[in-house]
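Asker: Residue numbers (this note's numbering), protein chains in the order written: chain A, -11 to 288; chain B, -11 to 288. For glycine and all other residues, C-beta sits at the position ideal for the given N, C-alpha and C. I'd like to ask some things about the structure below.
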DNA sequence: GTCAAGCATTTGTCCAGGACAAAGATGAAC
DNA sequence: GTTCATCTTTGTCCTGGACAAATGCTTGAC
């Protein structure tokens, strides 16, 4: 018998739920109910960890933990079961209707080819503005509905990343204006948003300098100074805890020079109120508009 | 006056030190000594956060927190000050002697060109085996000595990543054997190790399937099954807490099918004892040797 | 029936202070 | 100098309490 038990740190890694949260759920709702090891420390069986991953996913659909954790296993399984996919939706003819099934069939070469073909047919700008953003949303929602697994999302991301990086690499990299620093804060690991913006802005002749994901605030500020950038652009995914976004932006704003603009975009800022000193980009085209208005204001 | 105060969660993000650690340091060593906000919660001034980042860096050199946190500010500053770079070292003529200064001067185009040129001169295999591994180590150590900042490391990583991905994209992707799944566990965000292995193995005709970084164990196992891979290869950087590596490998091993090999490589496994069921790759060429021996055993 | 304002509940994160295993340093014996 | 045993340091876990912010609910006005 292969009974693996995980300690609380491993469960935090595996589920993304904090240690405090795991303990307080146990106290309040009676779940999870880990065993104890020889030292009295929590030892979670695999099936409880799986249930926690399910709960986490369902919370993304607006369900609250109090309900989910006190519900019976049967009710939970029903909520969690992938809904029969409305194949009618395929009639819309969108790319996502073609691609999500390919991802689910684990046909990587087909996914890669379909993406490449679509890019070449549409051109980079249209591809990013219409196809990639729609696909990202479709893949994310398919995960929340339980239709695809996390690793399938990773596979999709990796294919798309390779394609976008290749396309960006093929663009001319001049000494354009403005200079834009791209990155995400620590804990935010989604990279596609950055690559999309990098593609759009580079196409328009801006000079993009990417730090990749998860840069500490102090280093974002240092990099902005060292690279003498005009704009710092951050990307927040829907998965990022939204309560943290505005405080973070405020902290970073205080560390940047006044002449440097601060932009924040991605699904994680769609529902936020913009402070005066930060420019929120709720949708992708806002970035192009923002670029144009920066150039107007700075006489280019 | 611009006195930003950070709460304990923000300090954790910024420094990478856990909340428990921050509180126990305060209790034991009297540092950090945050103020309290209106609700009695810790509020860390910026200079204390900076000192914590310095301490974290010095700990990478083998210094222990008990010494560092009770040392005077002056002693600490002396330890932390970048040592005058022994320019004599430049006489070795290695690539790192050329590149690290370019990184420090923030001359991105020069870094990019130097890397590209070296790659073309050496060929991909030699470039990965000799140049990239040496550079990664040099950059990491330069950070530990305080010669370069985190953001400069990010810039280097981003340039190298673009180059390696481009080189990999140009390789023929056949239906080779074995099929290898590449990824890192959650909390391990270093991507260059993965790309290096992907380049080496793809060059030798293996079929590499990368999940990118930070895949939960459950999903690594699911992906291995769905993609019917022969080998799962994980990368651990020196920054990954080494105490966690072996338990992680054991957990994953238990979830993989017996016919699937498990490899672990990178600076994070150099000093570990290998369990029987996992193959530790302490140095890069071990991967090539491992590939050859897999093929011998499976009659290819 | 719709909307806003006020009230109640839920929820995540913080706190204090205790405990202890694992890793690292130290010293004794060979 | 090397090996083994002991002491010290250090990170992470524990319990149980507290409370702000977010969310949901009710009431009342139009």
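(1) Quick check on residue 267 of chain A - is its C-beta less than 8 Å from some C-beta in chain B?
(2) Among B/151, B/245, B/177, B/-5, which residue has its Cα nearest to the Cα of residue 28 of chain B?
(3) Should residue 8 of chain B be labelled buried (16 or more other beta-carbon atoms within 10 Å of its own) or exposed?
(4) Strictly by DSSP, which residues pair up with residue 250 of chain B?
(5) By a C-beta neighbour count over all protein chains shown, 10 Å radius and 16 as the cutoff for buried, is residue 50 of chain B buried or exposed?
(6) Classify residue 174 of chain B as helix, strand or coil using the three-state DSSP reduction.
(7) Using the C-alpha atoms, what's the distance from residue 251 of chain B back to residue -9 of chain A?
(8) Going by CA-CA distance only, name the one from B/39, B/184, B/21, B/139 that's closest to residue 118 of chain B.
(9) Going straight from the alpha carbon of residue 135 of chain A to that of residue 258 of chain B, what length do you get?
(10) Could you tell me the alpha carbon to alpha carbon distance between residue 199 of chain A and residue 58 of chain A, rounded to whole angstroms?
(11) Using only the alpha-carbon positions, how far apart do residue 222 of chain B and residue 170 of chain B sit?
(12) Determine whether the Cβ of residue 178 of chain B lies closer than 8 Å to any Cβ atom of chain A.
(13) Count the other CB atoms, across all protein chains shown, that sit within 10 Å of the CB of residue 63 of chain B; report buried if there are 16 or more and exposed otherwise.
(14) What would DSSP say about residue 27 of chain B, mapped onto helix, strand or coil?
(15) Looking at the strands, I want to know which residues DSSP matches up with residue 185 of chain B.
(16) Measuring straight from C-alpha to C-alpha, what distance separates residue 212 of chain B and residue 267 of chain A?
(17) Can you list, in chain order, the residues of its chain whose CB lies under 6 Å from that of residue 73 of chain A, leaving out five sequence neighbours each side?
(18) Do the segment 203 to 210 of chain A and the segment 138 to 146 of chain B make contact, defined as three or more Cβ pairs closer than 8 Å?
(19) Rounded to whole angstroms, how far is the Cβ of residue 219 of chain B from the Cβ of residue 282 of chain B, which I believe are closer than 8 Å?
(20) Please tell me whether residue 231 of chain B and residue 265 of chain B are closer than 8 Å, where the distance is taken between their beta carbons.
(21) Counting only Cβ-Cβ distances shorter than 8 Å, please list the residues of the segment 193 to 217 of chain A near chain B, keeping chain order.
(22) For the segment 96 to 127 of chain B, list every residue whose C-beta sits within 9 Å of some C-beta in chain A, in sequence order.
(23) By the 10 Å Cβ neighbour count, where 16 or more other Cβ atoms means buried, how is residue 23 of chain B classified, buried or exposed?
(24) DSSP on residue 244 of chain B, reduced to helix/strand/coil?
(25) Taking the Cβ atom as the reference point for each residue, do residue 26 of chain A and residue 99 of chain A lie within a distance shorter than 8 Å?
(26) Return the residue from the list B/33, B/256, B/191, B/19 that minimises the CA-CA distance to residue 55 of chain B.
(27) In chain order, what residues of the same chain lie with their CB nearer than 8 Å to the CB of residue 101 of chain B, ignoring the 5 residues before and after it?
(28) Please classify residue 275 of chain B: is it buried, with 16 or more other beta-carbons within 10 angstroms of its beta-carbon, or exposed?
(29) Nearest by alpha-carbon distance to residue 43 of chain A: which of A/192, A/5, A/247 is it?
(30) Out of B/210, B/287, B/228, B/271, which has the shortest C-alpha to C-alpha gap to residue 92 of chain A?
(31) Could you compute how far the alpha carbon of residue 154 of chain A sits from the alpha carbon of residue 115 of chain B?
(32) Taking 8 Å as the CB-CB cut-off, is residue 26 of chain B touching chain A?
(33) Going straight from the alpha carbon of residue 326 of chain A to that of residue 249 of chain B, what length do you get?
(34) Buried or exposed: residue 2 of chain B, going by 16 or more other Cβ atoms within 10 Å of its Cβ?
(35) When we look at the beta-carbon of residue 142 of chain B and count the other beta-carbons within 10 Å, is it buried (16 or more) or exposed?
(36) For residue 154 of chain B, which residues in chain A fall below 9 Å Cβ to Cβ?
Answerer: Taking the structure as given:
(1) So, not an interface residue.
(2) The shortest C-alpha separation from residue 28 of chain B is found at B/-5.
(3) Counting Cβ neighbours within 10 Å, residue 8 of chain B comes out exposed, since fewer than 16 surround it.
(4) B/220, per the DSSP bridge assignment.
(5) Exposed, by the Cβ-count rule.
(6) Assignment of residue 174 of chain B by DSSP, reduced to helix, strand and coil, places it in the coil class.
(7) A direct Cα-to-Cα measurement between residue -9 of chain A and residue 251 of chain B gives close to 23 Å.
(8) When each option's Cα is compared against that of residue 118 of chain B, the closest is B/184.
(9) Linking residue 135 of chain A to residue 258 of chain B through their CA atoms gives a straight-line distance of about 39 Å.
(10) When rounded, the distance between both Cα atoms is 43 Å.
(11) Approximately 6 Å, taken between the alpha carbons.
(12) False, the Cβ-Cβ gap to chain A never drops below 8 Å.
(13) Counting C-beta atoms within 10 angstroms of its own C-beta, residue 63 of chain B has fewer than 16 neighbours from the protein chains shown and is therefore classed as exposed.
(14) It is coil, neither helix nor strand.
(15) Paired residue(s): none; residue 185 of chain B is not in a bridge.
(16) One C-alpha to the other measures close to 42 Å.
(17) Caution applies to residue 73 of chain A, whose pLDDT of 49 falls short of 50 and renders its modelled position unreliable; the model cannot decide the point.
(18) Segments in contact, yes.
(19) Under the criterion of beta carbons closer than 8 Å, residue 219 of chain B and residue 282 of chain B qualify as touching, at roughly 7 Å.
(20) Contact: no.
(21) Those residues of the segment 193 to 217 of chain A that come within reach of chain B (Cβ to Cβ, closer than 8 Å) are 197, 198, 199, 200, 201, 202, 203, 204, 205, 206, 207, 208, 210, 211, 214, 215.
(22) Residues of the segment 96 to 127 of chain B with a C-beta atom less than 9 Å from some C-beta of chain A are 96, 97, 100, listed in chain order.
(23) It counts as exposed.
(24) Coil at residue 244 of chain B, not helix or strand.
(25) By the CB criterion at 8 Å, residue 26 of chain A and residue 99 of chain A fall outside the cutoff.
(26) Comparing Cα-Cα distances from residue 55 of chain B to each of B/33, B/256, B/191, B/19, the minimum goes to B/19.
(27) Cβ neighbours of residue 101 of chain B beyond the five flanking positions: none.
(28) Residue 275 of chain B should be labelled buried.
(29) Relative to the Cα of residue 43 of chain A, the nearest Cα in the group A/192, A/5, A/247 belongs to A/5.
(30) Minimum Cα distance to residue 92 of chain A is reached at B/210.
(31) Cα to Cα, residue 154 of chain A sits roughly 20 Å from residue 115 of chain B.
(32) It does not; no Cβ of chain A falls within 8 Å.
(33) Any answer about residue 326 of chain A is impossible in this case: the structure gives chain A only from -11 up to 288.
(34) By the neighbour-count rule (16 or more Cβ atoms within 10 Å), residue 2 of chain B is buried.
(35) It is buried - the Cβ of residue 142 of chain B has at least 16 other Cβ atoms within 10 Å.
(36) The contact set of residue 154 of chain B on chain A, defined by CB atoms closer than 9 Å, consists of 153, 154, 157 in chain order.
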